[in-house]
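Heads up, the thing below is written out as structure tokens.
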Amino acid sequence: MKFTLNWLKQHLDTEASIEVVAEKLTDIGLEIEDVTDRAAALADIRVAHIEEAGQHPDADRLKLCRVNTGEKVIQVVCGAPNARTGIKVALAQPGAIIPIDGSKLKPGKIRGVESQGMMCSTRELCLGEDHDGIIELPEDAEIGAPVAGVLGADDPIIEIGLTPNRPDCTGVRGIARDLAAAGIGTLKADPRQEPFTGAFDSPIGVTISSDIAANNAVPAFYGRYIRGVKNAESPDWLKARLEAIGLRPISALVDITNLVTHDLGRPLHVFDADKLSGDINVRYATNGEKIAALDNKEYELSDSMVVIADQAKALGIGGIIGGEETGCLEETSNVFVECALFDPISIAKTGRKLQVNSDARYRFERGVDPQSIAWGMEVATHLITEICGGEVSHVVKAGEVPTPRNSFDLRIDRILELGGVAVEADRAIDILKSLGFEVSGSAPVITAVAPTWRPDIIGEADLVEEVLRIVGYDKIPTVPLERESSLPVPALSPMQKRVGLTRRVLASRGLYETVTWSFTDSRWAKLFGKLKEGLYLANPISSDLDIMRPNALINMIAAAGRNQARGFSDLALFEVGPEFFGDQPGDQRLVAAGLRAGATTERSWTGSRRDVDVFDVKADAEALIEALGTNAANVQVNTDGAPEWYHPGRSAALQLGPKNVLGYFGELHPKVLKALGVKGRVVAFELFVENVPMPKKKGTARPALKVSSFQSVERDFAFLLDESVKAEAIIKAAKGADRNLITDVTIFDLYAGKGIEDGKKSLAFSITLQPTKATLTEEEIEAVCKKVVDAVEKATGGSLRA
4 MKFTLNWLKQ
14 HLDTEASIEV
24 VAEKLTDIGL
34 EIEDVTDRAA
44 ALADIRVAHI
54 EEAGQHPDAD
64 RLKLCRVNTG
74 EKVIQVVCGA
84 PNARTGIKVA
94 LAQPGAIIPI
104 DGSKLKPGKI
114 RGVESQGMMC
124 STRELCLGED
134 HDGIIELPED
144 AEIGAPVAGV
154 LGADDPIIEI
164 GLTPNRPDCT
174 GVRGIARDLA
184 AAGIGTLKAD
194 PRQEPFTGAF
204 DSPIGVTISS
214 DIAANNAVPA
224 FYGRYIRGVK
234 NAESPDWLKA
244 RLEAIGLRPI
254 SALVDITNLV
264 THDLGRPLHV
274 FDADKLSGDI
284 NVRYATNGEK
294 IAALDNKEYE
304 LSDSMVVIAD
314 QAKALGIGGI
324 IGGEETGCLE
334 ETSNVFVECA
344 LFDPISIAKT
354 GRKLQVNSDA
364 RYRFERGVDP
374 QSIAWGMEVA
384 THLITEICGG
394 EVSHVVKAGE
404 VPTPRNSFDL
414 RIDRILELGG
424 VAVEADRAID
434 ILKSLGFEVS
444 GSAPVITAVA
454 PTWRPDIIGE
464 ADLVEEVLRI
474 VGYDKIPTVP
484 LERESSLPVP
494 ALSPMQKRVG
504 LTRRVLASRG
514 LYETVTWSFT
524 DSRWAKLFGK
534 LKEGLYLANP
544 ISSDLDIMRP
554 NALINMIAAA
564 GRNQARGFSD
574 LALFEVGPEF
584 FGDQPGDQRL
594 VAAGLRAGAT
604 TERSWTGSRR
614 DVDVFDVKAD
624 AEALIEALGT
634 NAANVQVNTD
644 GAPEWYHPGR
654 SAALQLGPKN
664 VLGYFGELHP
674 KVLKALGVKG
684 RVVAFELFVE
694 NVPMPKKKGT
704 ARPALKVSSF
714 QSVERDFAFL
724 LDESVKAEAI
734 IKAAKGADRN
744 LITDVTIFDL
754 YAGKGIEDGK
764 KSLAFSITLQ
774 PTKATLTEEE
784 IEAVCKKVVD
794 AVEKATGGSL
804 RA
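Counting the sequence shown from 1 gives a position; the numbering used here is that position plus 3.
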């Protein structure tokens with residue numbers, strides 16, 4: 004919202020400076036975005052007088068002028084067609100800064116003739132778009148005076164950033180009202196709002212269609228016929244006011260509507276009455292109906308959009324923009340003035356669909372004062388007759404003007420409770436009255452009726468806010484939050500601690516944490532089991548995020564695919580978060596998921612590069628289980644327990660007993676990888692954090708490593724076993740043979756094929772014996788080895804190979 008200081012003072016009786024006004028606007032919640040001092044930009048430009056304008060000796064289109072600066076007479080070469088003897092001009096001399104591009108003017112020669120200055124156009128001074136000729140100043144302008152004052156450009160421009168809840172400040176008068184309430188001057192009466200007496204009945208009537216009325220899309224519509232107008236060029240004061248806020252003057256009638264829109268926040272429209280066919284009817288458009296608008300664009304309308312129409316055609320899009328066909332031109336002599344109320348939601352929807360941003364839409368979709376339909380018509384009538392002349396009809400009306408009476412009680416002590424500032428009842432009443440509220444009652448409770456231009460006032464808290472912003476938010480004391488010493492320091496819950504530990508453990512194993520959407524693509528989700536209807540989103544943010552993720556791996560696999568597409572094929576990722584299996588609050592579980600792809604190490608000249616396999620992610624899962632307080636040696640590996648998104652035969656479930664599934668690990672199924680755009684082998688794990696038992700007692704610090712001073716001993720064994728025997732059964736049996744001496748069991752060979760009968764396999768492992776009291780003798784070693792053989796044969800049914 005832009006306006007000038009002098010424009011503001013048309014409504015506000017004040018001597019306050021621009022600095023005081025700007026500071027107070029920010030204090031009361033109307034934030035200043037910019038203040039432009041045009042006089043400073045024009046400081047180097049002065050009034051000068053052309054004493055003689057002759058022809059340039061070497062150019063037909065150039066003139067050689069003798070120009071009086073007030074101090075001396077200089078020679079200036081000028082190409083403007085209106086440069087002539089006797090006129091006063093805006094002159095820039097060498098060293099002056101030209102506003103349009105910020106360049107410094109230098110003396111120079113033009114076609115061999117020295118020029119000691121430049122006579123400027125409005126465009127070069129950033130005062131308009133006219134570049135066809137130089138500025139012609141009034142005859143009484145003082146030679147040598149700053150041109151800013153002569154052109155009225157010494158009026159600072161203020162721009163404020165409006166929040167959507169302040170439609171009353173989309174006009175200068177609303178801003179002046181707030182400043183007056185804050186003590187910056189007194190709000191002036193607006194004589195233009197006095198009713199204008201019509202001289203005849205309007206030949207054009209107005210109606211609102213029944214479906215429009217039923218939906219309250221246009222509560223009321225006023226019109227007035229004015230005949231015998233002269234649509235001449237606007238007066239200088241009006242053009243200067245519009246140009247200051249960035250609007251291009253067009254004609255007096257159009258400029259008046261723009262002025263009322265920005266001056267009072269009341270949009271209206273003027274039709275060329277001679278181009279209308281019969282009465283005005285406010286109706287819905289028909290699907291596919293088209294209209295050429297004033298912005299030189301054609302719009303195709305739908306049946307949800309309001310149009311202003313006559314008996315033959317649509318004249319404009321209601322509350323948005325007028326039509327080009329019935330616009331006012333220089334020869335217009337009879338006009339019909341429209342002043343209407345529109346439903347804000349309807350206007351917002353139409354504007355978004357058509358992608359039209361107009362000053363009218365900006366105001367109507369925020370909510371225009373219902374009472375402005377009457378006085379807005381009167382202001383426009385006064386301005387039109389004053390500038391363009393004409394004879395005025397009576398106002399024709401359709402619909403009913405709403406008269407909202409939103410009344411709220413305000414407990415005076417509530418101001419202190421909510422705002423921290425004690426305000427006397429009389430002070431609060433005075434503030435509300437100055438803002439236009441009707442106030443009754445006395446302390447401790449008063450009643451305030453919101454003015455019709457404040458639709459944002461909907462409760463007691465809003466009244467408190469109105470009082471506080473005028474009193475000044477800077478009056479609110481800074482008070483530290485109280486903290487009772489007896490209150491415990493906020494602590495993390497046990498599960499929050501587990502989540503933090505989980506992240507640290509997986510990161511320490513070289514995996515990078517990802518944070519992906521809790522939504523995913525339903526086409527991908529179907530690959531991870533049957534989906535419940537409750538998982539689908541009613542209003543997804545995009546078509547590929549239309550369901551709550553049933554598995555935490557989905558988005559991580561997709562992320563791996565995106566990384567591969569960008570040349571990053573060696574991946575180690577993890578995420579800790581929820582996955583969902585229903586639409587109830589309890590239908591989710593916390594999972595730690597990770598995946599690996601590519602190689603385990605970077606390429607090296609040593610050539611020791613290995614692709615990831617299922618044992619890498621098995622180790623990740625077991626390390627996490629250990630960190631969460633469960634002995635991984637007690638976890639069973641069920642090779643038949645992994646779900647269908649894992650590769651059969653290359654995956655397994657991790658279980659504590661037959662019913663408690665801790666998670667899964669293995670190679671992902673090729674069809675899943677293909678669907679999500681991933682190439683090559685990918686191994687992954689899922690661990691359900693809540694299924695891992697909590698430690699029975701608080702863990703202690705890991706004890707220091709005790710190194711025995713006696714020599715350790717290793718022995719190798721090879722057993723012939725059934726193919727179905729699991730390696731963990733052998734390891735568990737071997738370790739259990741002598742837990743005091745056997746510290747490690749490592750499998751180092753697996754063979755099946757030639758020399759081994761069908762259905763059998765050869766598995767070799769080594770054990771490490773670590774004495775703590777004395778060096779082992781050969782007899783003691785052999786005794787332990789015999790225990791190992793007996794334990795393995797008993798547990799597996801296998802036999803020691805010769």
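Here a beta-carbon is modelled for each residue, glycine too, at the ideal position from N, C-alpha and C.
Cut-off 7 Å between Cβ atoms - residues of its own chain near residue i, not counting five sequence neighbours on either side
| i | result |
| --- | --- |
| Ala732 | Ala798, Thr799 |
| Ala144 | Val50, Lys91, Val153 |
| Ile138 | Val92, Ala93, Cys123, Ser124, Thr125 |
Between the CA atoms of residue j and residue i - distance to the nearest angstrom
| i | j | result |
| --- | --- | --- |
| Val638 | Asp524 | 34 Å |
| Asn558 | Thr519 | 6 Å |
| Gly57 | Met4 | 47 Å |
| Ser715 | Ile745 | 10 Å |
| Leu671 | His650 | 5 Å |
| Leu598 | Ala767 | 30 Å |
| Asp372 | Phe339 | 22 Å |
| Leu438 | Ser212 | 37 Å |
| Pro167 | Ala43 | 33 Å |
| Thr88 | Leu241 | 29 Å |
| Ala428 | Glu381 | 37 Å |
| Phe668 | Ala687 | 6 Å |
| Glu197 | Ile432 | 28 Å |
| Val482 | Pro493 | 22 Å |
| Asn542 | Asp549 | 8 Å |
Local conformation of residue i per DSSP, three classes
| i | result |
| --- | --- |
| Phe584 | coil |
| Glu292 | coil |
| Gln567 | helix |
| Asp429 | helix |
| Ser546 | coil |
| Cys342 | strand |
| Gln358 | coil |
| Ala687 | strand |
| Val404 | coil |
| His265 | helix |
| Asn641 | strand |
| Asp239 | helix |
| Gly111 | strand |
| Asn558 | helix |
| Leu723 | strand |
Residue i burial status per 10 Å Cβ neighbour count (16 or more: buried)
| i | result |
| --- | --- |
| Pro447 | exposed |
| Thr455 | buried |
| Met697 | exposed |
| Thr29 | exposed |
| Pro458 | buried |
| Thr7 | buried |
| Pro661 | exposed |
| Val23 | exposed |
| Phe224 | buried |
Identified DSSP bridge partners for residue i
| i | result |
| --- | --- |
| Cys3 | Residue 3 falls outside the range modelled here, since the chain spans only 4 to 805, and no answer is possible. |
| Ser443 | Thr450 |
| Ser654 | Gly669 |
| Thr771 | Glu717, Asp747 |
| Ala596 | Glu578, Glu689 |
| Thr39 | Ile160 |
| Gly319 | Ile311, Gly325 |
Residue-level contact to chain D via CB, residue i, 9 Å cutoff
| i | result |
| --- | --- |
| Asp747 | Absent from the structure: chain D. Only one protein chain is present. |
Cutoff 6 Å; reference residue i; Cβ partners in own chain excluding five residues on either side
| i | result |
| --- | --- |
| Glu246 | Gly131 |
| Thr335 | Asn234, Asp275 |
| Arg41 | Ala156 |
| Ala635 | Glu625, Ile628, Glu629 |
Contact set for residue i: own chain, Cβ-Cβ below 8 Å, skip 5 residues either direction
| i | result |
| --- | --- |
| Trp10 | Asp158, Val175, Arg244, Ala247, Asp266 |
| Lys763 | Leu723, Leu724, Asp725, Glu726, Ala755 |
| Arg804 | Ala721, Phe722, Leu723, Ser765 |
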